[in-house]
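S.K.: Dropping the structure in here first, questions after.
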Amino acid sequence: MSWTRGLPAALAVCVLLLTGSVSCGSSDAHEEKDGDAISPVGKLLDNTDKQGRHYREVRKKGAPAVGIEVQPDSGNTWDVHLTVHNFRFSPRGTKARATAGRGLAYVFVDDRLVTRLSGLTCRLPARFVPRGTHHVTARLYADDGTVWAVQGRPVESTADITASEAAGAPSATPGATALGASGTYARDGGRGSPERSGTAS
């Protein structure tokens, strides 16, 4: 008699366990050896860029990477060309949430944000590059505004350029200092590249 009364209760417990496993066990986070949870879209760090956007740490293997090349153009402008690896640009209207290997490239001149790119090229007017030497940096961001990072460092690349005319007209570019996703430095004339090089599409 106690068995027949206990059967509905046992069935109810089974149903709760089954339904509970969907909501409680659906997390895709993986447990690391040190106990920190790593989600498929990385782990938010306390580190931020100068605009206060948090770094989103991902593993080095398969991480996004970016290279930059800046060349003088006619009309006192500069052409910026990016090369990306393991990264896709998000179209306009994409929801503001992080998706692995996707997002936008922010372009900075001397740490000042000048544009957000959803493609590989842009043109810098002379007003952004007055006379002197400047650092043009491309940094990769997720769609939620966080910074893609590897080993605590942002995924970015920087090229040095020099405008010699008073009006900011372009001149020959010196060697560029590049910081790729791997955290290694390289020197190259007029461009900055990550460790993994490739051809821009």
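Under the working numbering, read the sequence shown as residues 1 to 201, first letter to last. Positions of the beta carbon are idealized from the N, C-alpha and C atoms, including for glycine.
For residue 65, which three-state DSSP category applies?
M.R.: Start at 1 with the first residue of the sequence shown, and residue 65 comes out as number 65. Strand.
S.K.: Apply the 10 Å Cβ neighbour rule to residue 46 and answer buried if 16 or more other Cβ atoms are within range, or exposed otherwise.
M.R.: Residue numbering aside, residue 46 sits at position 46 when the sequence shown is read from its first letter. Per the 10 Å Cβ criterion, exposed.
S.K.: Can you give me the C-alpha to C-alpha distance between residue 62 and residue 128, rounded to a whole angstrom?
M.R.: For this step, residue 62 is matched to residue 62 along the sequence shown. For this step, residue 128 is matched to residue 128 along the sequence shown. Distance between the alpha carbons of residue 62 and residue 128 is about 34 Å.
S.K.: Which whole-angstrom value is the C-beta distance of residue 115 and residue 53, which I expect to be below 8 Å?
M.R.: Taking the sequence shown and counting its residues from 1, one reaches residue 115 at position 115. Taking the sequence shown and counting its residues from 1, one reaches residue 53 at position 53. So it is not a contact: roughly 16 Å between Cβ atoms.
S.K.: Is there contact here, the region 157-166 with the region 122-138, by at least three beta-carbon pairs under 8 Å?
M.R.: With a cut-off of 8 Å, the region 122-138 and the region 157-166 count as touching, because enough Cβ pairs lie within range.
S.K.: Whose C-beta lies closer than 8 Å to the C-beta of residue 209 among residues of the same chain, with five residues either side of it excluded?
M.R.: Summary: the structure shown does not reach residue 209, with the chain confined to residues 1 through 201, and so no result is reported for it.
S.K.: Quick one: what's residue 162 bridged to in DSSP?
M.R.: Translated into positions along the sequence shown, residue 162 becomes position 162. 133.
S.K.: Return the Cβ separation of residue 84 and residue 148 in integer angstroms, given the expectation that the two are a contact with Cβ distance under 8 Å.
M.R.: Here residue 84 refers to the residue found at position 84 when the sequence shown is read from its first residue. Here residue 148 refers to the residue found at position 148 when the sequence shown is read from its first residue. With 8 Å as the limit, residue 84 and residue 148 do not qualify as a contact, their Cβ atoms being about 11 Å apart.
S.K.: Report the rounded CA-to-CA distance for residue 49 versus residue 107, giving the unit in angstroms.
M.R.: Start at 1 with the first residue of the sequence shown, and residue 49 comes out as number 49. Start at 1 with the first residue of the sequence shown, and residue 107 comes out as number 107. Using only the alpha carbons, I get a separation of about 13 Å.
S.K.: Can you name the residues that DSSP bridges to residue 149?
M.R.: Mapped onto the sequence shown, residue 149 falls at position 149. 57, 154, per the DSSP bridge assignment.
S.K.: According to DSSP, simplified to helix, strand and coil, what is residue 92?
M.R.: The residue given as residue 92 occupies position 92 in the sequence shown. In the structure shown, residue 92 sits in coil (DSSP, three-state: anything other than H, G, I, E or B).
S.K.: Return the chain-ordered list of same chain residues with a C-beta closer than 8 Å to the C-beta of residue 113, the five sequence neighbours on each side being excluded.
M.R.: In the sequence shown, counting from the first residue as 1, residue 113 sits at position 113. The answer, listed in chain order, is 51, 106, 107.
S.K.: Which residue from 74, 86, 64, 66 puts its Cα closest to that of residue 124?
M.R.: Against the sequence shown, residue 124 aligns to sequence position 124. Of 74, 86, 64, 66, the residue nearest in Cα terms is 74.
S.K.: Does the beta-carbon of residue 88 have 16 or more other beta-carbons within 10 angstroms, so that it is buried, or is it exposed?
M.R.: As a working note, residue 88 is residue 88 in the sequence shown. When all chains shown are included, residue 88 counts as exposed.
S.K.: May I have the straight-line CA-CA distance separating residue 111 from residue 131, to the nearest angstrom?
M.R.: The residue you call residue 111 lines up with position 111 of the sequence shown. The residue you call residue 131 lines up with position 131 of the sequence shown. Each residue's alpha carbon lies about 16 Å from the other.
S.K.: For residue 202, which beta-bridge partners are listed by DSSP?
M.R.: An answer regarding residue 202 cannot be provided, because it is not within the stretch 1 to 201 covered by the chain.
S.K.: CA-CA distance, residue 121 and residue 140?
M.R.: In the sequence shown, residue 121 corresponds to position 121, counting from 1. In the sequence shown, residue 140 corresponds to position 140, counting from 1. Taking the straight line from one Cα to the other gives about 14 Å.
S.K.: What span of residues does the beta strand (DSSP E) with residue 105 cover, start to end?
M.R.: Translated into positions along the sequence shown, residue 105 becomes position 105. Element bounds for residue 105: 102-109.
S.K.: Quick one: Cα of residue 41 to Cα of residue 164, how far?
M.R.: Start at 1 with the first residue of the sequence shown, and residue 41 comes out as number 41. Start at 1 with the first residue of the sequence shown, and residue 164 comes out as number 164. The alpha-carbon atoms of residue 41 and residue 164 are separated by roughly 43 Å.
S.K.: Take the Cβ of residue 67 as the centre, count every other Cβ of all protein chains shown within 10 Å, and call the residue buried at 16 or more, exposed below.
M.R.: On the sequence shown, position 67 is the one that residue 67 refers to. Classification of residue 67: buried, given that the 10 Å Cβ count is 16 or more.
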